[in-house]
Amino acid sequence: MPKYVYDFTEGNKDLKDLLGGKGANLAEMTNLGLPVPPGFTITTDACRRFLEDGGLPEGLDEEISRHLTALEGRMGRRLGQADDPLLVSVRSGAKFSMPGMMETVLNIGLNDQSVHGLVKQAGGNERFAWDSYRRLIQMFGKTVQGIDGELFDEALEELKHGRDDLELEAADFQRLVETYKGIVREQTGQDFPADPHDQMRMAVMAVFESWNAPRAILYRRQERIPADLGTAVNVCSMVFGNCGMDSGTGVAFTRDPGSGHQGVYGDYLQNAQGEDVVAGIRNTMPLQDLERLDKPVYDELMKIMETLENHYRDLCDIEFTVERGKLWMLQTRVGKRTAGAAFRIAVQLADQGLIDLDEAVTRVSGAQLAQLMFPRFDGDAKTNKITTGMNASPGAAVGKAVFSSERAVELAAAGEDVILVRRETNPDDLAGMIAAQGVLTSRGGKTSHAAVVARGMGKTCVCGAEELEVSTKERRFTAPGGVVVSEGDVISIDGSSGAVYLGEVPVVPSPVVEYFEGATDQDDELVRAVHRIMTHADATRRLKVRANADNAEDAARARRFGAEGIGLCRTEHMFLGDRRQLVEDLVLASSKEERDQALAALEPLQKADFVEIFQAMEGLPVTIRLIDPPLHEFLPDYTELSVKVALAGDRAEEKDRRVLAAVKRLHEQNPMLGLRGVRLGLVIPGLFAMQVRAIAEAAKAVEGARAEIMIPLVGAVQELEYVKDEAQRILAEVGVEALVGTMIEVPRAALTAGQIAEAAEFFSFGTNDLTQMTWGFSRDDVEAAFFSKYLELGVFGVSPFESLDRDGVGRLVRIAAEEGRATRPDLKLGICGEHGGDPDSIHFCHQAGLDYVSCSPFRIPVARLEAGRAALTSAESDTR
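Below you can see the structure in the form of structure tokens.
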């Protein structure tokens, strides 16, 4: 029989796969001797079995009962005991933090009898006991019984009559309990469950079920968390922060998660339970105020925070409760942080000797670096600031104000930029937070739901803008001075300063982009941290990083961003605009003379293009792909031309008739699988020869130029051999050397790579087309048609065009790499599809033994960093 339940004394922080992050860290804090309320964890194995079988696995009930009995013996009272009740919380805890996405139920064990025992425990504090009871019914009703939470909220608001929560008395909460029980009865047809063991069992199952709740699925998809992990459940003896003004609850960070600066950061709320802080329904006080309220507790908390940061060697996010002057630790985890904080903290910890620079590089990510490269507001611009809130998650966000998650999703899908405005967010707002450019709330602090989730997603967020009166029903907010912002009005929010502006504020490049562009000023602390990390990543990585660039301007920018060559120069882009007519003339030429005339006009233009690019790259390798467009891109539209000729009738010009006949002859039902790539070069004499000669002449004209000629869409080695023979003859005539290779973008090429490598001196994997052809769908058509449904159903964890499909496309890449190098050991291997700038795909490229990745210029810093991280994480796994 598998073991499904572990006491907090049995686990440790390395058992996150089994105990989830929360359970593993509660066990770790217990092992460290910190004040953790006793409890036990039900494993992720049990959750997976539950989700597979539709019920609790065999033996789990008995195992929970044994651990509950042991917990009752340790605490000296039984669950729900009428005269002296033990109460417990039931909380989720997956391997990866998913704040607010799954269920929590507090105060389990209360009923009409045990509430009086809780009054006795609390020294006659009836208000506390009845407040705890109404919280149980409210949380249980919403999370376990699926009752609309608004019904409970409306009943509470009606009872308050404008009073603050703290002004409510015991009798108010006692009436509220009866109201809540009536809501449960009306909505479910049953009484609220009075048996404490039923309450706990139902809560455990609700937590398991919440793993597949829509918001949890959406969050996992956003954060790329695997769907098969499941969640653990933590059953913990209750400690109470709502016992009076000598009690409270809080969230603390060992460093500022927004900036990374060291100091005292967090929120504290007197006479409250933990959910009050996270939900943002009451505005908190700064953690520093706890020193004034209860210095012994504050001092103990500071020592524990130092212990945890040194133990975990990272920023720690801590939840705690003070019960009548006694400090209890309810959770710790490595805290979510902004991108800027991640870089600063990594370097700080390295400077403190807690980690080395290798680990510092692995502590940040390419996605975080990309966030730092987003623009910021122009400090010199004329603005209309209407209020200031808490700078919860940095960035510059501009958009139309919307007041519901549904509206945010709707407008974003229509291409509008929006800012989601709420009094406070809750887990049901996740879809709107993802859709929005930024989030603005009038309540809550830096540890509220909005702040924590926004930081994790890299979204701009301003919280706790208390001066705003937000009316979600009227879809507007009122700012100081009578300024009214209605839905659809444009606002700008600055997550770095907390400022909220009316209208659109212009943006300027980030200092990190300016650094990559070549600015030498490193007075900015963040820039210094990025420089330290990037320098070490560059020194560590094996993969080279090249750029996809089709002109001298992009090539020069790529060079400044650290590109070590060009991995893909698309020549078809050079034939658009004014030159399109020359290509059309070439394709439609009816004689050798007409064809030679068109080629003669194109060759000097091509040579000039290549000269500029070679000069920009200053002796670094440049891989030039010969022309590879679908043929229809250079021909008149068949339908339009047919209509034109038909309407003209006998008056149609002879040229139009001749062109129509040629277009009809060349017309293709599926141009993407038609006459393009190497096929075009073989069918139209002189086309590839003209390009090769232009490349060779340009390379000869630029000292140190290193050309690599790439033949596109090869599926058989014979195609490549024919073009390569012609190319080498031209190169010899001009007197220059250049590698000749091919793009592997057809599945057959990958599967016959051993043969193709006999002729190819390098492979460059064109994973855009390889993905299309392997999956059998057109990217332009299917993404809008059904990708969202495939993501929802779990067919895709992420779009295969965004991150490389390792099982299918990746396997083809591995086969081609292995068989190609078996034939030609010095075969150069690279990737030039969009995946060359995707962090996860870069790690795959490292593992597959590729020599370089190539991506758009703006993504080069990301690729450099991820290549370094790939080398370090691969080396770490090799030593295990």
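Under our numbering, the first residue of the sequence shown carries the number 7, and numbering increases by one thereafter.
Ideal Cβ positions, reconstructed from N, Cα and C, are used throughout, including at glycine.
Per-residue DSSP class, three states only, for residue i
i    : result
M107 : coil
M379 : coil
A407 : strand
C838 : coil
V801 : coil
N113 : strand
C249 : coil
P63  : coil
P512 : coil
G655 : helix
R886 : Caution applies to R886, whose pLDDT of 49 falls short of 50 and renders its modelled position unreliable; the value that the coordinates give is listed next. Residue state, collapsed to three classes: coil.
R875 : helix
Neighbour-count burial assignment, residue i, 16 or more Cβ in a 10 Å radius
i    : result
V468 : buried
N18  : exposed
R886 : Low confidence applies here, because R886 scores a pLDDT of 49, under 50, leaving its location unreliable and the question unanswered by this model.
T478 : exposed
S794 : exposed
Q697 : buried
K22  : buried
H267 : exposed
E624 : exposed
N316 : exposed
D305 : exposed
L116 : buried
L25  : buried
R343 : buried
Residues that residue i bridges to, as DSSP identifies them
i    : result
L574 : N554
T334 : Note that residue 334 is Trp in the sequence shown here, rather than Thr. Note: W334 sits in a beta bridge opposite T327.
N240 : T47, R97
S860 : R552
C53  : C53 pairs with nothing; no bridge assigned.
V121 : BP columns for V121 are empty, so no partner.
K391 : Y507
Integer-rounded CB distance, given that residue j should sit under 8 Å from residue i
i    : j    : result
L737 : A702 : 5 Å
E329 : F246 : 5 Å
I750 : L686 : Contact doesn't hold; Cβ gap of about 18 Å is too wide.
I906 : A744 : Outside the shown range of the chain, which is 7 to 886, sits residue 906, and nothing can be said about it.
M108 : V213 : 6 Å
K166 : L174 : 7 Å
E732 : A765 : No, E732 and A765 are not in contact; Cβ-Cβ is about 12 Å, not under 8 Å.
V404 : E493 : Contact flag wrong, Cβ pair sits at about 16 Å.
L172 : N277 : 6 Å
Where the alpha helix (DSSP H) through residue i begins and ends
i    : result
R261 : No alpha helix (DSSP H) contains R261, which is instead part of the beta strand (DSSP E) from 254-261.
P232 : Here P232 belongs to no alpha helix (DSSP H), and DSSP marks it neither H nor E.
S847 : 845-853
T748 : Unbroken run through T748 is the beta strand (DSSP E), 745-750; no alpha helix (DSSP H).
L693 : 693-707
G444 : Where G444 is concerned, there is no enclosing alpha helix (DSSP H), although the beta strand (DSSP E) it sits in stretches over 444-447.
L21  : No alpha helix (DSSP H) holds L21; DSSP gives it neither H nor E.
R601 : 598-623
L426 : That residue, L426, is in no alpha helix (DSSP H); its beta strand (DSSP E) goes 424-428.
I189 : 176-194
R735 : 723-740
D90  : Per DSSP, D90 belongs to no alpha helix (DSSP H) and is neither H nor E.
I762 : 759-762
E520 : 517-522
Segment limits, beta strand (DSSP E) that includes residue i
i    : result
Y507 : 505-508
E714 : 712-717
S492 : 489-492
R482 : 482-485
V140 : It should be noted that the sequence gives Arg, not Val, for residue 140. No beta strand (DSSP E) holds R140; the alpha helix (DSSP H) holding it covers 132-149.
F269 : The question names Phe, yet the displayed sequence has Gly at residue 269. Element bounds for G269: 268-276.
N397 : 396-399
Y12  : 11-13
V468 : 466-469
F769 : 768-771
R631 : 627-631
Heavy atom of the ligand HEM within 6 Å of residue i beta-carbon
i    : result
A702 : Summarising the ligand content, the structure contains no ligands, and the ligand HEM is consequently not present.
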